[in-house]
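Chemist:
There are 2 protein chains.
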Amino acid sequence: MTRIEFNEMKATIRQAFLNAGMTEEKAEVCARIHTESSRDGVYSHGLNRVERFVDYIGKGWIDVHAEPTLGAKLGAMEIYNGNMGPGITNAIFAMNRATGIAGENGFGLVSLNNTTHWMRGGAYGWQAAEKGFIGICWTNTESCMPAWGAKSVGIGNNPFIMAVPRKEGHVVLDMAMSQYSYGKLQTTRLKGQKLPFAGGFDQEGNLTDNPGAIEETRRILPMGYWKGSGFAVMLDLISALLSGGLTTSGVDQAGLGSCGSCCQVFIAIDPLKLNSREFVEQAIAGTIQQIKSSQLAEGVDEIYYPGEQSLKTRTENMELGIPVDDGIWANVKKLAGLS
Amino acid sequence: MTRIEFNEMKATIRQAFLNAGMTEEKAEVCARIHTESSRDGVYSHGLNRVERFVDYIGKGWIDVHAEPTLGAKLGAMEIYNGNMGPGITNAIFAMNRATGIAGENGFGLVSLNNTTHWMRGGAYGWQAAEKGFIGICWTNTESCMPAWGAKSVGIGNNPFIMAVPRKEGHVVLDMAMSQYSYGKLQTTRLKGQKLPFAGGFDQEGNLTDNPGAIEETRRILPMGYWKGSGFAVMLDLISALLSGGLTTSGVDQAGLGSCGSCCQVFIAIDPLKLNSREFVEQAIAGTIQQIKSSQLAEGVDEIYYPGEQSLKTRTENMELGIPVDDGIWANVKKLAGLS
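Keeping their order, the protein sequence lines are chains A and B. Numbering that gives the first Met the number 0 numbers the first residue of the first sequence as 0 and each following residue consecutively. Numbering that gives the first Met the number 0 numbers the first residue of the second sequence as 0 and each following residue consecutively.
(1) Is the stretch 208–224 of chain B touching the stretch 40–49 of chain B, taking contact as three or more C-beta pairs under 8 Å?
(2) Could you give the DSSP three-state label for A:Q288: helix, strand or coil?
(3) Since A:A162 contacts A:V170 with CB under 8 Å, what's their CB separation in whole angstroms?
(4) Whole angstroms are fine: how far does the CA of B:T114 sit from the CA of B:G20?
(5) Report yes if the CB atom of A:I160 is closer than 8 Å to the CB atom of A:I87, and no otherwise.
(6) When the Cα atoms are used, what is the spatial distance from A:M319 to A:G155?
(7) For a contact meaning CB atoms closer than 8 Å, what does A:P305 contact in chain B?
(8) Considering only heavy atoms of the ligand NAP, does any lie closer than 7 Å to the CB of A:V250?
(9) So with Cβ pairs under 8 Å, would you call A:I3 a contact of chain B?
(10) Under the DSSP definition of a beta bridge, which residues are partnered with A:R2?
(11) Between which two residues does the alpha helix (DSSP H) harbouring B:Y181 extend?
(12) In the DSSP assignment, find the unbroken beta strand (DSSP E) run with A:F196 in it and report its ends.
(13) Enumerate, from N- to C-terminal direction, the unbroken alpha helix (DSSP H) stretches of 4 or more residues contained entirely within the stretch 96–156 of chain B.
(14) Which of helix, strand or coil does DSSP assign to A:K58?
(15) Please confirm if A:G326 has its CB atom under 8 Å from at least one CB of chain B.
(16) Of all the options B:I283, B:G107, B:A75, B:L17, which has the alpha carbon lying nearest to the alpha carbon of B:E64?
(17) Would the beta-carbon of B:I56 fall within 8 Å of that of B:R165?
(18) For B:T140 and B:G244, what's the separation of their Cα atoms in angstroms?
(19) Once DSSP output is grouped into helix, strand and coil, what is the label at B:Q263?
(20) Under DSSP, the alpha helix (DSSP H) around B:T216 begins and ends at which residues?
(21) Take B:E4 as the anchor and find which of B:T186, B:L73, B:E315, B:A101 has the nearest alpha-carbon.
(22) What separation, rounded to the nearest whole angstrom, lies between the Cα atoms of A:M233 and B:S260?
(23) In angstroms, rounded to a whole number, what distance separates the CA positions of A:A146 and A:W225?
(24) If you follow the alpha helix (DSSP H) that B:G249 is part of, which residue opens it and which one closes it?
(25) By DSSP, does A:V232 sit in helix, in strand, or in coil?
(26) Which chain B residues are close to A:G40, counting only those with a beta carbon under 8 Å from its beta carbon?
(27) Suppose the cutoff is 6 Å on Cβ atoms and the five residues either side in sequence are ignored; what does the same chain contact list for A:Y123 look like?
(28) Taking the alpha-carbon positions, what's the A:G249 to A:G131 distance?
(29) Any beta carbon from chain B within less than 8 Å of A:E215's own beta carbon?
(30) Return helix, strand or coil for A:K166, following the three-state DSSP convention.
(31) Chain B partners of A:V331, CB-CB under 8 Å?
(32) Determine the chain B residues that contact A:Q178 at a beta-carbon separation under 9 Å, and present them in chain order.
(33) Looking at the structure shown, is B:M161 part of a helix, part of a strand, or coil, going by DSSP?
(34) For A:L108 and A:A75, which I take to be in contact (beta-carbon distance under 8 Å), what is that distance rounded to the nearest angstrom?
(35) For B:E214 and A:V41, what's the separation of their Cα atoms in angstroms?
(36) Would you verify that the beta carbon of A:S43 is, or is not, closer than 8 Å to some beta carbon of chain B?
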């Protein structure tokens, strides 16, 4: 397995983005987020997503020069039009505004309409937590999962993120609504393995842990069956109603690629405006201690709090380099003009 | 199966609550919510929960005369101490304040600490939607589920509710973090049936759809495995940090019964302060149409939007009467002094 050092990866992606027409400033930010995603183990939306992002720019599905513009302001809420700009810079802007508003009155909610794929949603949860804020955010997507009871895709896989700041490592949940991503199906299939648990339906309509069979039907399983399906619908509706943008069915009709003209919601809350630092630290420490001191299940060495495994991967990848697929790395280097 | 007419059930529960020392006003509200829960098919937290509620009053774990008191106010957020009052009246008060605040500036967030079991969480989502607001609410609970990787219970089953108002029937998601409730395990076992999907672990640590085996280990499965586990942790932490109250581990230590001195969060948003009525109606209608027009999976007659099946059950139970377990109904009548 080839491993690439963080700064080399970031510089290469940055150059690829500059070559695609981005400004220095935007290329720097987007390259950092893609590299950090790979660094934290979210390879599907890090280095591996660079080619598709550049392809979307070429197709005119992303306007690299667009900036979000304020559409409405009401109390602690602000709505922005993402103007089909890069999903990453739009999302960073939006969470930054949310923490800015929350810095005044404890709470801020910023929504984006008409934006594009934000890549790794967890990035914006970590962003809020780094500043000391509780962060909650989600996006809608195009249809890529069947609703519960359906055979054909009709709902989004709408990732949902919750982050709580903590000195020793933030507590961050970053979950999509499907049990497994298409990326996980692909990598599991390529390794010739089965999924840990059933992840979708085969041609006969039976639940299966065979990733290839699910890729064929595109009948990926919502997490918790009907629960993840219903949650996806609610996240979609509320993101559209909070931003005045397109629901999943509208994103489908727009036909501008994955998440083209989607909606996103960013919430920030300052826990120290409501509580003492001591209370906050003890609440989190007590919760983590309770989880970690549980009796371990069969074959389990340690119980992790949400986000802990990302931090472990981060430490490892910063030390050893970030693992890459050689073919993908060669292609990104080509986009950067380095081969 | 015995069916009891709505008004008879409500009057009986009301009398039981009056006999337990509640005021006319509180007994009326609590009896309505318990009866509506059974009416909508949530039997476990409707009639079936009356005896335990009365028992908790007797134990001093609920103060029937307590009212919430304002602890802090910051922008669009208010924090109340529930003073261990009835969970239902506290929660109705809190969602009512949230919609009141949202009526001014579009958004309101009210949290409760030191409150008690709110019974059916969906009630407060429906409450917000009835008034035309998007409602989001959740509660933490005592430990009743193992964290992912654990054998012993360490996290709450923290229900999470999202509601979107709609003229023809609100869209409401009301989900706990476990794949199945203990109530579902019990009723499935009593019918001699298997669960539709694996719902927990047996003594050997294997996933099983045998409800009795799960009741023995108390190793119920979080929905989506690690996802529901992580989501439960985040809901717990954020409810405590937003209200200054106890986390699940603190509720465990308090030892005041199920949800004794728990925390809850109530969010209300006015979608019509941000959008035209036409936009809101079209966004919801388009989404429901897309789901309903999906290709049906094997053996499925119709695809439901979140909340639709509750409405169907409501209509049926209002027409035919609300089904009851004869033993439970006799006990509640006894509490009401009617037998």
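The C-beta atom is built at its ideal place from N, Cα and C for all residues, glycine as well. Only a predicted model underlies this, so the values are computations on that prediction, with no experimental measurement involved.
Modeler: Judging by the given coordinates:
(1) With a cut-off of 8 Å, the stretch 40–49 of chain B and the stretch 208–224 of chain B do not count as touching, because too few Cβ pairs lie within range.
(2) The DSSP-derived three-state label of A:Q288 is helix.
(3) By a beta-carbon distance limit of 8 Å, A:A162 contacts A:V170. Their separation comes to about 7 Å.
(4) Near 18 Å, if we compare the C-alpha coordinates of B:T114 and B:G20.
(5) No, they are not a contact pair.
(6) Contrary to the premise, residue 319 of chain A reads as Leu rather than Met in this sequence. Answer to the nearest angstrom: the Cα atoms are 36 Å apart.
(7) G229, V232, M233, listed in chain order.
(8) Of ligands this structure carries none, so the ligand NAP is not represented either.
(9) Taking Cβ atoms only, chain B never reaches closer than 8 Å to A:I3, which makes this a no.
(10) For A:R2, the beta-bridge partners assigned by DSSP are A:P322.
(11) Start and end: 181–189.
(12) Note, A:F196: premise wrong, no beta strand (DSSP E); not H, not E.
(13) As far as the stretch 96–156 of chain B is concerned, its whole alpha helix (DSSP H) runs of at least 4 residues are 121–129.
(14) Correct three-state label for A:K58: helix.
(15) Not one chain B Cβ lies under 8 Å of A:G326.
(16) Checking the sequence shown, residue 64 of chain B turns out to be His, not Glu. The residue with the shortest Cα to Cα distance from B:H64 is B:L17.
(17) No, these two residues do not count as a Cβ contact at 8 Å.
(18) Going by the C-alpha atoms only, they are around 12 Å apart.
(19) When secondary structure is reduced to three states using DSSP, B:Q263 falls in the strand class.
(20) Boundaries of the alpha helix (DSSP H) around B:T216: 210–216.
(21) When each option's Cα is compared against that of B:E4, the closest is B:E315.
(22) Pairing A:M233 with B:S260, the inter-Cα distance amounts to about 29 Å.
(23) Their Cα atoms are separated by approximately 8 Å.
(24) It spans 247–253 - the alpha helix (DSSP H) in which B:G249 sits, taken as one unbroken run.
(25) DSSP places A:V232 in helix when its eight states are reduced to three.
(26) Neighbours of A:G40 on chain B: none; closest Cβ ~14 Å, over 8 Å.
(27) Within the same chain, A:Y123 has close Cβ partners A90, M94, C136.
(28) Between the C-alpha atoms of A:G249 and A:G131 there is a straight-line separation of about 35 Å.
(29) Output row for A:E215: interface = no.
(30) Three-state result, A:K166: coil.
(31) Neighbours of A:V331 in chain B, taken as residues at a C-beta separation under 8 Å, are lacking, since the least C-beta distance is about 30 Å.
(32) What A:Q178 touches in chain B: G223, Y224, K226.
(33) Three-state DSSP puts B:M161 in a strand.
(34) Contact flag correct, Cβ pair sits at about 6 Å.
(35) Looking at the two C-alpha atoms, the distance is approximately 37 Å.
(36) Any Cβ of chain B closer than 8 Å to the Cβ of A:S43 would place that residue at the interface, and such an atom is absent.
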